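Asker: I'd like to ask some things about the structure below.
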Amino acid sequence: MRLIQLFKKELSHEARIWVRDELVSEQQANTILARYGTSLSDDTDKNSFGYYLLMSLGVLFIGLALILIVSHNWDEIPSSIRTGSLLLLTLVTNAVGINLFLSQRTRAGIIWLLFGGMSYGASIMLIAQIYHLGEHFPDGIFWWALGILPLVVFTQSRLLALLSLGLASIWLVVESGEGFFPTLYPIFILVALWLTLFHARSRLLFLACIVGLLVWINLGLAWVMGSGYHFDPFAEQFPFSLGLALLINGAAWWLMRAEKSDWREYGLVLHIWLLRAAIVTLLVLSFEGVWEEYSSDRNWLSVISVIFIIVSGIVAFRLSRASGRYASLPVLMLTGYLAFSFTLVNSFSHMEFIAAIATNLMLLFMGILLIRRGIDQSETHYFYTGIVVLLLTAFIRYFDLIGDYIGGALLFLVAAGILMAAAKYWKHHVSLIALKQGEDRE
Amino acid sequence: MTIPDWLHKKPGKRTIQIGLILTLCFQMAVLSVEYLGSVLPIWTGEEIILKTEPVDPRSLFRGNFVRLNYEINRIPTEPHTEFKIASVVYVSLVESKGIWQFDTLNAAKPHQGTYIRGRVRRSDSDTVQVEYGIEAFFMPREKALKVQNEMGGQAQVRVFVAPNGKARAVGFQCLGDAC
């Protein structure tokens, strides 16, 4: 059983109480906790972490105040003094940060370097303001993020990595908003991924990297379609993105089998978020009108997008197969369903109805599988997610009928049949297991 | 799967020391290049006057500024002439009654005359939108509004143009309190 970080902290807190009450020895407690990638000393420094967190937020607020003060436009102060002051501030804060960091006062050093990074950004903006630079303003944000990036490499600080990736993501948004492709964004992703995978654990950074990468790939596809001159989004990006999600889910299962506990945790967090995203996507696709809005004819792009879904599904299946049927079966089902629905809608007219029914059946299978997985693996999260999926599907279909009343009633009857068949099969399966266990005992 | 050692390896203290100092140098270099790029046209350039129309947006990062739409931002071209977005162009200017106006559009740097360097922002069938890096003029909000109200579509801006064509706006031609 894998536990998410929140429960690990709870477990390590409980284990300290067991040790205090002499229920288990310190060594035994640590041996138990090691199974879940944690230890008795896991959150003993939570007070200093709280201090560090509040100090970091304080510095962030000072930085924002600095930018606002700069934005006020102090006409009465000569421009050379304004520029010189900010350059000096950048130099001094960074120098203090470097000095503290090198003299083993790591956290204090990082807070000063964070302040230095904010001063550096404010300086870029101030110089642009003083000299009325109307040039492409996202460049300023890019150089700001790039100036922080080496600090991430050398200090291996999650806080500085968050600042760098956050700025790079703002740059991604404004650069593409101005009609240009943010080609160099993956540099920031790669550095943040390197940090989280090999040096400092941060689920937030890891997830942000995956989301950022997905956005960048989608922007890239639209840019390529615009012949590298402008963004030309196209409908087939949607099945492409779903194919990518299948691939990432395969990677999540692969990570969950890794030796490093951090990687296993990333895999689990990624899988849980992908599961939620998959449920929301399926619920959206369960409406006939959504398929009608997805306007794509049979062309080379639609064919490639379906091929991409199939190839991604095969790769994801290979990556997840070793983790058991609860890993590989949903991949196969989703791949088949997506390939079938998109081929149908792309190739024939008025097939949105069939695609919507297929989606509702897919939701049903997902719900059943999740309930069964929850009970089999004794994980309540999956059990309740399965129940929520089934109830939501029923609720949505009751208010948004597919076809007329008779059509809606038929769909509910089919759903009831599948649920009852699943329950019967389950009962049969459980009795078979009981029989086998009895034979083994004899 | 084996992961290369260098991905795991923590840099040594000496590497960190040199790396951090180089990062600080990089930051200072970025700021210096930005500063020099801003002041060089003013130090070395020729002063010209351009006609413009001010409007007042606010930048999240840079404070209040007046957005300047110059006459030379929209340049007529031969029908179906294609210009790549973000490509560098040079616009030759001629003086008429104290105001510099569009003369010719060149893909290469002209050998003589006054010219300004810009980047293509948009290209239509018979016009091309060019930006010169002088389209924002920063000032306090009250002053920015005064500029917009008092000058309307009649503003004239003092611009320095360096020998390489790079331009920098330095102020408005005096009209009311908004100089």
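Protein chains in written order, with my numbering: chain L, 757 to 1198; chain U, 193 to 371.
For each residue, glycine too, the CB sits at the ideal point set by N, CA and C.
For clarity, every value in this text was computed on a predicted model and none was experimentally measured.
What is the rounded straight-line gap between the Cα of residue 781 of chain L and the Cα of residue 881 of chain L?
Answerer: Going by the C-alpha atoms only, they are around 58 Å apart.
Asker: For chain L, is any of its Cβ atoms less than 8 Å away from the one on residue 307 of chain U?
Answerer: It does not: the Cβ of residue 307 of chain U has no partner Cβ on chain L nearer than 8 Å.
Asker: Taking the alpha carbon of residue 1026 of chain L as the reference point, which residue from L:768, L:1038, L:1008 has its own alpha carbon closest?
Answerer: Ranking L:768, L:1038, L:1008 by Cα distance to residue 1026 of chain L puts L:1008 first.
Asker: Under the assumption that residue 359 of chain U contacts residue 246 of chain U (Cβ atoms under 8 Å), give the Cβ distance between them as a whole number of angstroms.
Answerer: The pair is not a contact, with the Cβ atoms about 17 Å apart (cut-off 8 Å).
Asker: Mind checking if residue 890 of chain L is an interface residue toward chain U, Cβ cutoff 8 Å exclusive?
Answerer: Chain U contact via Cβ: present.
Asker: So, is the C-beta of residue 241 of chain U closer than 8 Å to a C-beta in chain L?
Answerer: False, the Cβ-Cβ gap to chain L never drops below 8 Å.
Asker: Let me know the secondary structure DSSP gives residue 298 of chain U once reduced to three states.
Answerer: Three-state result, residue 298 of chain U: strand.
Asker: Could you please give the first and the last residue of the uninterrupted beta strand (DSSP E) stretch that includes residue 243 of chain U?
Answerer: 238-247 is the extent of the beta strand (DSSP E) around residue 243 of chain U.
Asker: Could you give the uninterrupted runs of the alpha helix (DSSP H) lying entirely in the segment 806-855 of chain L, keeping only those of 4 residues or more?
Answerer: The qualifying runs do not exist here; there are none.
Asker: Beta-carbon within less than 6 Å of residue 1035 of chain L's beta-carbon, same chain only, minus the 5 sequence neighbours each way: which residues are those?
Answerer: 1145.
Asker: For the pair the segment 1122-1141 of chain L and the segment 1092-1111 of chain L, tell me if three or more CB-CB distances fall below 8 Å.
Answerer: Output reads no: the segment 1092-1111 of chain L does not touch the segment 1122-1141 of chain L.
Asker: Kindly indicate if chain U contains any beta-carbon less than 8 Å away from that of residue 879 of chain L.
Answerer: Yes, residue 879 of chain L lies at the interface with chain U (some Cβ there is under 8 Å from its Cβ).
Asker: Taking Cβ positions only, does residue 883 of chain L come closer than 8 Å to chain U?
Answerer: So yes, residue 883 of chain L belongs to the interface.
Asker: Which partner residues of residue 942 of chain L appear in the DSSP bridge assignment?
Answerer: For residue 942 of chain L, which the question treats as bridged, DSSP gives no partner whatsoever.
Asker: I want to verify the contact list: residues of chain U whose CB lies under 8 Å from the CB of residue 903 of chain L, in sequence order.
Answerer: The answer, in chain order, is 215, 218, 219, 222.
Asker: Alpha carbon to alpha carbon, what distance is there between residue 1044 of chain L and residue 1112 of chain L?
Answerer: Rounded to whole angstroms, residue 1112 of chain L to residue 1044 of chain L spans 5 Å at the Cα level.
Asker: Short check: CB of residue 259 of chain U to CB of residue 323 of chain U, under 8 Å?
Answerer: No, these two residues do not count as a Cβ contact at 8 Å.
Asker: Beta-carbon of residue 227 of chain U versus every beta-carbon of chain L: anything under 8 Å?
Answerer: Yes, because at least one Cβ of chain L sits closer than 8 Å to the Cβ of residue 227 of chain U.
Asker: Need the endpoints of the alpha helix (DSSP H) that residue 1082 of chain L sits in, please.
Answerer: Looking at the DSSP string, the run of the alpha helix (DSSP H) that includes residue 1082 of chain L is 1081-1103.
Asker: Strictly under 8 Å for the Cβ-Cβ distance: is residue 906 of chain L near chain U by that measure?
Answerer: True, the Cβ-Cβ gap to chain U drops below 8 Å.
Asker: Check the Cβ-Cβ distances between residue 867 of chain L and every residue of chain U, and say whether any is below 8 Å.
Answerer: Answer no: the Cβ-Cβ gap between residue 867 of chain L and chain U never drops below 8 Å.
Asker: I need the DSSP call for residue 925 of chain L, collapsed to helix, strand or coil.
Answerer: Residue 925 of chain L falls in the helix class under three-state DSSP.
Asker: Using 8 Å for Cβ pairs, my map puts residue 1062 of chain L next to residue 995 of chain L. What's the rounded Cβ distance?
Answerer: With a Cβ gap of about 7 Å, residue 1062 of chain L and residue 995 of chain L count as contacting.
Asker: Kindly indicate the opening and closing residues of the alpha helix (DSSP H) around residue 1044 of chain L.
Answerer: Per DSSP, residue 1044 of chain L belongs to the alpha helix (DSSP H) from 1044-1049.
Asker: Quick check: is any heavy atom of the ligand SAH less than 7 Å from the C-beta of residue 1025 of chain L?
Answerer: The ligand content of the structure shown is nil, which means the ligand SAH is not present either.
Asker: Would DSSP call residue 361 of chain U helix, strand or coil?
Answerer: In this structure, residue 361 of chain U counts as strand in the three-state DSSP scheme.
Asker: What do you get for residue 807 of chain L, buried or exposed, if any count of 16 or more other CB atoms within 10 angstroms of its CB means buried?
Answerer: Counting Cβ neighbours within 10 Å, residue 807 of chain L comes out exposed, since fewer than 16 surround it.
Asker: Per the DSSP calculation, residue 268 of chain U is bridged to which residue(s)?
Answerer: Looking at the DSSP assignment, residue 268 of chain U forms a beta bridge with U:319.
Asker: Anything in chain U within Cβ reach of residue 851 of chain L, meaning under 8 Å, just list it in chain order.
Answerer: Here the neighbours are 216.
Asker: Is residue 825 of chain L buried or exposed, if buried means 16 or more other CB atoms sit within 10 Å of its CB?
Answerer: Exposed: under 16 other Cβ atoms inside 10 Å.
Asker: Between the alpha carbons of residue 757 of chain L and residue 1126 of chain L, how many angstroms are there, rounded?
Answerer: With a pLDDT of only 44 at residue 757 of chain L, under 50, the local geometry of the prediction cannot be trusted, and no value is derived from it.
Asker: For residue 833 of chain L, which residues in chain U fall below 8 Å Cβ to Cβ?
Answerer: Near residue 833 of chain L there are no residues of chain U at all, since even the closest Cβ is about 13 Å away, more than 8 Å.
Asker: With distances taken between CB atoms, is the gap from residue 312 of chain U to residue 279 of chain U smaller than 8 Å?
Answerer: Yes, the Cβ-Cβ distance between residue 312 of chain U and residue 279 of chain U is below 8 Å.
Asker: I'd like to check one pair, residue 292 of chain U with residue 242 of chain U: are the Cβ atoms closer than 8 Å?
Answerer: In this structure, residue 292 of chain U lies closer than 8 Å to residue 242 of chain U by Cβ.
Asker: Can you give the Cα-Cα distance for residue 1069 of chain L and residue 1123 of chain L, rounded to whole angstroms?
Answerer: So the two alpha carbons sit approximately 20 Å from each other.
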